[in-house]
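> Okay, handing you the structure first.
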Amino acid sequence: EDTTAESCVCMLRRAAPFLSAARLHLQRPFASARHPRFSPKLRPTLLQAPLRSLAPPSPRLPQQHRAMSACPGCTDQDMEDYGMSRSEVFSAPLAGTLERYDGHIFLPLSAPPETWPSDALAVPTAGGLAPGTVLSGMVKVAMKSLPEGTAKMRVTPCHALPSDEEGDLLYFPPRSAGGSKQPRVFKAASEQALQAFVDEVIVKGDVDTSAVPSKPLQGKQLFVCCHTQRDKRCGVCGPPLVTQLAASLPGAQVRACSHVGGHAYAGNVLMYGAEMDWYGYVSPKDVGEFAKAADAGEQGVVSIKHWRGRMGMTPDEHRAKVESM
């Protein structure tokens, strides 16, 4: 027993310096003003912790939407100079700022918008093909073969969603097209398939052709210009809108897109559903108005003060529509 007691005393003596150092290490942060984060006043109490855990979780968004919740790399000065507080916002009427066009092709890209060069059509796929450049050239040649006065067909790259696949073309046909008027997703991953799409769908107007695999494009589709290398205003105003719209309209598909024309009207939002409407000077605080209209199933113009125009209409028709409302 004496031997055991002596051993215990020796162990305690050896451990005493370490215990003292540990006690001082724990006491100093709480007593030192240099470590306010350890102040007892700032530590959560046992009552506070469970209350915070009952807060509703934030809506889950696709990874690309979470990454765009703020303008990538923007400073406070950028937000002031290029954001929604800039002096040009609502300095001129928006109706009539959209030139007539009769159809729209969106080309999903896996590369994020902040990496796009000024000409986003030149961005290649994993296979090395630059489908935007190829398709745009084919469409221009095809349009020259159509009757004089035929309005142009737009080709616009956009940021792919997880549901998009390489080679997809999101096609919104002219209202005068033969067959189905419903937007469709065409699969054209090669130059041959792109040429078949142009020949059958664009030139012949056969949106139901079997020459190119396709399927209906369901639901409301929104596109927000975030092309910062083309214009800083779009790069600053666009990304927060993508995040807000995706969170507020869970039934819609929201994609960032490249230059659509009208940098001065950023944030530019294209809402394609029953009609293909364009809106300008849209800010995150305006998103609630768009979400409310979508929930109500409204098919017309969501916000007249933001409305730039509609696919298939001329600038004069846009202005006349606003005057009649």
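Numbering-wise (our numbering), the sequence shown opens with residue 8 and increments by one.
Glycine included, every Cβ here is placed at the ideal spot set by N, Cα and C.
I need the straight-line Cα distance from residue 108 to residue 84, nearest angstrom please.
In the sequence shown, residue 108 corresponds to position 101, counting from 1. In the sequence shown, residue 84 corresponds to position 77, counting from 1. Each residue's alpha carbon lies about 36 Å from the other.
> Taking the Cβ atom as the reference point for each residue, do residue 120 and residue 212 lie within a distance shorter than 9 Å?
Taking the sequence shown and counting its residues from 1, one reaches residue 120 at position 113. Taking the sequence shown and counting its residues from 1, one reaches residue 212 at position 205. It is not a contact, given that the beta carbons lie outside the stated cut-off.
> If you drop the 5 nearest sequence neighbours on each side, which residues of the same chain put their C-beta closer than 6 Å to that of residue 143?
Stepping through the sequence shown from its first residue, residue 143 is reached at position 136. Excluding sequence neighbours, residue 143 sits near 128, 162.
> Residue 267 CB to nearest chain D CB: under 9 Å?
Although the question refers to chain D, the structure presented lacks it and comprises just one protein chain.
> What three-state label does DSSP hand residue 112 in the structure shown?
What you label residue 112 is simply residue 105 of the sequence shown in a count that begins at 1. Strand at residue 112.
> Indicate whether residue 105 and residue 325 have their beta-carbon atoms separated by less than 9 Å.
The count along the sequence shown starts at 1 and reaches residue 105 at position 98. The count along the sequence shown starts at 1 and reaches residue 325 at position 318. Against a cut-off of 9 Å, the Cβ pair of residue 325 and residue 105 comes out as a contact.
> Is it the case that the Cβ atoms of residue 204 and residue 113 are separated by a distance below 9 Å?
By one-based count along the sequence shown, residue 204 stands at place 197. By one-based count along the sequence shown, residue 113 stands at place 106. Cβ distance not < 9 Å, so residue 204 and residue 113 don't count as in contact.
> Is the Cβ-Cβ distance between residue 275 and residue 289 less than 9 Å?
Sequence index remark: in the sequence shown, residue 275 carries index 268 (1-based). Sequence index remark: in the sequence shown, residue 289 carries index 282 (1-based). Contact: yes.
> Could you tell me which residues DSSP pairs with residue 316 in its beta bridges?
Sequence index remark: in the sequence shown, residue 316 carries index 309 (1-based). Paired residue(s): 285.
> So residue 280 and residue 315 are supposed to be a Cβ contact under 8 Å. How far apart are they, rounded?
The residue given as residue 280 occupies position 273 in the sequence shown. The residue given as residue 315 occupies position 308 in the sequence shown. So it is not a contact: roughly 16 Å between Cβ atoms.
> Considering only the beta carbon of each residue, do residue 223 and residue 191 sit closer than 9 Å?
As a first step, residue 223 is located in the sequence shown; it is residue number 216 there, counting from the start. As a first step, residue 191 is located in the sequence shown; it is residue number 184 there, counting from the start. Contact: yes.
> Look up residue 330 in the DSSP assignment and say whether it is helix, strand or coil.
Position 323 of the sequence shown, counting from 1, holds the residue named residue 330. Three-state result, residue 330: helix.
> Given that a residue counts as buried once 16 or more other Cβ atoms are within 10 Å of its Cβ, and exposed if not, what is residue 82?
The sequence position of residue 82 within the sequence shown is 75, counting from 1. Exposed, because fewer than 16 other Cβ atoms sit within 10 Å of the Cβ of residue 82.
> Should residue 157 be labelled buried (16 or more other beta-carbon atoms within 10 Å of its own) or exposed?
Taking the sequence shown and counting its residues from 1, one reaches residue 157 at position 150. Residue 157 is exposed by the Cβ-count criterion.
> On the DSSP bridge list, what partners appear for residue 126?
One-based indexing of the sequence shown puts residue 126 at position 119. According to DSSP, residue 126 bridges with nothing at all.
> Looking at residue 236: is its Cβ nearer than 9 Å to the Cβ of residue 124?
Looking up residue 236 in the sequence shown gives position 229. Looking up residue 124 in the sequence shown gives position 117. For residue 236 and residue 124, yes; Cβs fall inside 9 Å.
> Among 328, 111, 319, which residue has its Cα nearest to the Cα of residue 165?
Along the sequence shown, read from residue 1 onward, the residue named residue 165 stands at position 158. The shortest Cα separation from residue 165 among 328, 111, 319 belongs to 111.
> Taking C-beta to C-beta, are residue 174 and residue 196 nearer than 9 Å?
Position 167 of the sequence shown, counted from the start, is the residue given in the question as residue 174. Position 189 of the sequence shown, counted from the start, is the residue given in the question as residue 196. Taking 9 Å as the Cβ cut-off, residue 174 and residue 196 qualify as a contacting pair.
> Residues in its own chain within less than 8 Å of residue 283 by CB, not counting five upstream and five downstream?
Position 276 of the sequence shown holds residue 283. Hits under 8 Å: 111, 179, 277, 317, 318, 319.
> Classify residue 332: buried if its beta carbon has 16 or more other beta carbons within 10 angstroms, exposed otherwise.
To locate residue 332, count along the sequence shown from 1; it is residue 325. Residue 332 is exposed by the Cβ-count criterion.
> In the DSSP assignment, the beta strand (DSSP E) including residue 175 goes from what residue to what residue?
Here residue 175 refers to the residue found at position 168 of the sequence shown. Where residue 175 is concerned, the enclosing beta strand (DSSP E) stretches over 175–179.
> Put residue 164 into one of helix, strand or coil per three-state DSSP.
Working through the sequence shown from its first residue, we reach residue 164 at position 157. Residue state, collapsed to three classes: strand.
> For a test of the three-state rule: what should DSSP assign to residue 228, helix, strand or coil?
Here the question's residue 228 lines up with position 221 in the sequence shown. Residue state, collapsed to three classes: strand.
> According to the neighbour-count rule (16 or more other Cβ atoms, all chains shown, within 10 Å of its Cβ), is residue 323 buried or exposed?
The residue labelled residue 323 in the question sits at position 316 within the sequence shown. Exposed, since its Cβ has fewer than 16 Cβ neighbours within 10 Å.
> Can you give me the start and stop residues for the beta strand (DSSP E) that residue 194 sits inside?
For the purposes of this step, residue 194 is taken as residue 187 along the sequence shown, with counting starting at 1. Here the beta strand (DSSP E) through residue 194 covers 191–194.
> According to the Cβ coordinates, are residue 153 and residue 210 closer than 9 Å?
Position 146 of the sequence shown, counting from 1, holds the residue named residue 153. Position 203 of the sequence shown, counting from 1, holds the residue named residue 210. Yes. Within cutoff.
> Between 330, 86, 214, 167, which has its C-alpha nearest residue 182's C-alpha?
By 1-based counting over the sequence shown, the position of residue 182 is 175. Ranking the options by Cα distance to residue 182, first place goes to 214.
> By DSSP's criteria, residue 240 is part of a beta bridge. Which residues make up the other side?
For the purposes of this step, residue 240 is taken as residue 233 along the sequence shown, with counting starting at 1. DSSP lists no partner for residue 240.
> Among residues of its own chain, excluding the 5 on either side of residue 90, which ones have a beta-carbon nearer than 7 Å to its beta-carbon?
Reading the sequence shown from its first residue, position 83 is the one you call residue 90. Once the five neighbours on either side are set aside, the close Cβ partners of residue 90 are 243, 244.
> Restricting to Cα atoms, I'd like to know which of 135, 268, 253 is closest to residue 291.
Locating residue 291 in the sequence shown gives position 284, where the first residue counts as 1. Here the closest residue by C-alpha is 253.
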